[in-house]
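Per the numbering used here, the sequence shown starts with residue 9, numbered consecutively.
Structure first, then comments.
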Amino acid sequence: MAFNAYYYDSHIDCKFCKKHFTTYKVRPNRYKVMEEHSDFMPVYEGLNPILYEVAVCPHCGYAYHKSMTRTYGPFMQLIEELYIKELQKPMNYCGERTIDEAIISFKLAYLVCRASMEEALIMANFALKIAWLYRLKNDVESETRYLLAARDFFSKSFAVNQEASERIQYLYAELSLRLGDIPEAKKSFSRLITDQRVSAKYRKFSKNRWENYRYDEQPPSIEMNIEESPRL
Ligand SMILES: [Zn+2]
């Protein structure tokens, strides 16, 4: 195969059917994080590696993401029963992907995780990434649907350490704000801001985010209007 300057072939042995396949991954020098949205969505210059995070086996349709943990023994039986048997026919997403194909690959991983009853945190992160992909397409309705699902999963998530726990709490507050659930966002942000056990990093994130929101949403006062009106 000719050398591809943008992607390299990742070699995978399918955890379900055990067959070998290769799937594209973006070469590290082909993307750069330029900024980050307030829900941690990275904005890339160049290609977007998120599109290639899920490997979909072209032989059996099993979808795999590195964060998944229930990928063995009895869980595979559940996956066979509830996912593999339900698939119409495996599709090939091993080459270059459109955003739509990336969304499908994440949705397949989501279904695999639902079948194996994966931890809520893994489902939450998938839902959030699907929402980000819809954001790239400016599909607000679908983005909102997945932000709502993500928030629901975050509310049921358990963290392995303090940092992860703060990330979950922050994202819960942030997604509440994005979804327009202001009372819940206010409650969650103020908890993060006032709790002294919360790290300086997340207290600062929360304070900035809430203050920016308050500032942007604040209707201009009458005095301001007078001050800003052109002088006669
Ligand atoms: Zn397979």
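The beta-carbon is built from N, C-alpha and C at its ideal position, and this holds for glycine as well.
Just so we're clear, the structure is a prediction, and the values are computed from it rather than from any experiment.
With distance defined between alpha-carbon atoms, name the residue in the options nearest to residue i.
{"i": "tyrosine 70", "options": "Tyr60, Leu59, Glu88", "result": "Glu88"}
{"i": "lysine 97", "options": "Tyr80, Gly103, Leu116, Asp108", "result": "Leu116"}
{"i": "tyrosine 178", "options": "Lys212, Asn220, Thr106", "result": "Lys212"}
{"i": "phenylalanine 11", "options": "Lys145, Lys26, Met49, Tyr32", "result": "Tyr32"}
{"i": "serine 196", "options": "His67, Gln204, Ser214, Ser207", "result": "Ser214"}
{"i": "leucine 141", "options": "Thr202, Leu155, Cys102, Leu129", "result": "Leu155"}
{"i": "phenylalanine 83", "options": "Leu59, Leu95, Leu119", "result": "Leu119"}
{"i": "tyrosine 14", "options": "Thr152, Asn56, Tyr80", "result": "Asn56"}
{"i": "arginine 222", "options": "Tyr210, Arg205, Lys194, Ser163", "result": "Lys194"}
{"i": "serine 113", "options": "Tyr52, Ala135, Asn146", "result": "Ala135"}
{"i": "aspartate 224", "options": "Glu192, Leu200, Leu185", "result": "Leu185"}
{"i": "isoleucine 111", "options": "Val64, Tyr16, Phe48", "result": "Val64"}
{"i": "tyrosine 72", "options": "Cys22, Ile190, Val148", "result": "Cys22"}
{"i": "alanine 123", "options": "Thr79, Leu86, Ala172, Ser173", "result": "Leu86"}
{"i": "alanine 81", "options": "Ala208, Glu44, Phe24", "result": "In the sequence as presented, alanine is not what sits at residue 81; that position holds glycine. When only C-alpha atoms are compared, the closest one is Phe24."}
{"i": "leucine 200", "options": "Leu129, Arg217, Asp189", "result": "Arg217"}
{"i": "asparagine 133", "options": "Leu144, Asp108, Phe162, Glu149", "result": "Phe162"}
{"i": "isoleucine 107", "options": "Asn146, Gln170, Glu43", "result": "Asn146"}
Counting only beta-carbon atoms, is residue i nearer than 8 Å to chain D?
{"i": "arginine 199", "result": "Here there is only one protein chain, and chain D is not present."}
Starting from residue i, trace the alpha helix (DSSP H) both ways and give me its first and last residue.
{"i": "phenylalanine 134", "result": "128-144"}
{"i": "aspartate 224", "result": "208-225"}
{"i": "aspartate 160", "result": "148-163"}
{"i": "isoleucine 58", "result": "No alpha helix (DSSP H) contains isoleucine 58, which DSSP labels as neither H nor E."}
{"i": "phenylalanine 166", "result": "Per DSSP, phenylalanine 166 belongs to no alpha helix (DSSP H) and is neither H nor E."}
{"i": "isoleucine 120", "result": "Position check: residue 120 holds valine in this sequence, whereas isoleucine was assumed. Its alpha helix (DSSP H) spans residues 107-123."}
{"i": "glutamate 43", "result": "Run containing glutamate 43: none in the alpha helix (DSSP H); it sits in the beta strand (DSSP E), 39-44."}
{"i": "isoleucine 20", "result": "Unbroken run through isoleucine 20 is the beta strand (DSSP E), 15-21; no alpha helix (DSSP H)."}
{"i": "leucine 187", "result": "Here leucine 187 belongs to no alpha helix (DSSP H), and DSSP marks it neither H nor E."}
{"i": "glutamate 104", "result": "Taken as a continuous stretch (DSSP letters only), glutamate 104 belongs to no alpha helix (DSSP H), as it is neither H nor E."}
{"i": "glutamine 96", "result": "Note, glutamine 96: premise wrong, no alpha helix (DSSP H); not H, not E."}
Answer yes or no: the CB of residue i versus the heavy atoms of ligand 1, is any distance below 7 Å?
{"i": "lysine 97", "result": "no"}
What are the boundary residues of the beta strand (DSSP E) that residue i is part of?
{"i": "lysine 33", "result": "28-34"}
*When you get a sec, list the residues whose CB is within less than 5 Å of any heavy atom of ligand 1, chain order please.*
Cys22, Phe24, Cys25, Cys65, His67, Cys68, Tyr70
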